[in-house]
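Trainee:
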Amino acid sequence: MSKQAILTKIEEKAHETAEAIVINAEADATAVRQEASEKFEADYKKGIAKAQAEADALVARQKTLSSLEARKIELKARQNAINAVYERAFETMTKLSDKEYCEFYTALAIKNIEDGDTVISEDRRLDEKWFASLKSATGKNITFEQFSNNGFGVILRSDKYDKNLTLRSVMADVRAQTESEVAAELFG
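Counting in the working numbering, the sequence shown runs from 459 upward without gaps.
#1: Please tell me whether LEU566 has its Cβ less than 8 Å away from any Cβ of chain B.
#2: Alpha carbon to alpha carbon, how far is PHE645 from SER555? Give it in angstroms, no decimals.
#3: Just mark TYR502 as buried or exposed, buried being the case when its beta carbon has 16 or more other beta carbons within 10 Å.
#4: With distances taken from CA atoms, which of TYR619, ASP573 and ALA642 is nearest LYS598?
#5: Please determine, among PHE498, ARG491, PHE562 and ILE481, the residue with the shortest C-alpha to C-alpha distance to LYS628.
#6: Return helix, strand or coil for LYS553, following the three-state DSSP convention.
#7: What residue does the beta strand (DSSP E) around PHE610 start on, and which one ends it?
#8: Rounded to a whole number of angstroms, what is the C-alpha to C-alpha distance between ILE540 and ALA528?
#9: So, do the segment 576–585 and the segment 600–608 have three or more beta carbon pairs nearer to each other than 8 Å?
#10: Are the beta-carbon atoms of ARG626 and THR576 separated by less than 8 Å?
#11: So what does PHE548 bridge to, in DSSP terms?
#12: So, helix, strand or coil for LEU584, using DSSP?
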């Protein structure tokens, strides 16, 4: 074998080896691309699933917040309606005729008055004339003071206590006792 033949043979062998290397490299590159593509696809799907879960959670939170806000508005409207009922009751009481108003306060005072009490009036209608009829009706040793003329009701005062029988206080007591019934009547 000649030198040229050996060189040709070596060159052919080198080309075959190079071709095999290129073919293997291309196969490896294809496998790496395939693996990368599959990993990318899996990561993409995970990312989409995570984003969807976060979006669903956000939507659920927003629905909950919206529901709570709607409930809050509804409760405020109901509270305003209840407030209006009691405010109207207060106004109705203040607009009773003098006779009815004095009879109401006479009955209320008689239930609460004790010997030695001072009846302090904050009301123009609950004056000395009214007090005289109250004192006569109770037969108790009580005194009278006219504190102001711009309020509604009286306060019973002794050394031991003050009983607030002003109309606001009486209505607050009535409200505390009846608010749940009024709410049930209004809203079922």
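In this text, a Cβ means the ideal position worked out from N, Cα and C, and glycines have one as well.
Mentor: On the basis of the coordinates in this document:
#1: Within the model displayed, chain B is absent; a lone protein chain is all it includes.
#2: 32 Å
#3: exposed
#4: ASP573
#5: Just to set this straight, residue 628 is Val in the shown sequence, not Lys. For VAL628, the nearest C-alpha among the options comes from PHE562.
#6: coil
#7: 608–615
#8: 18 Å
#9: yes
#10: no
#11: Answer is none; PHE548 lacks a bridge partner.
#12: coil
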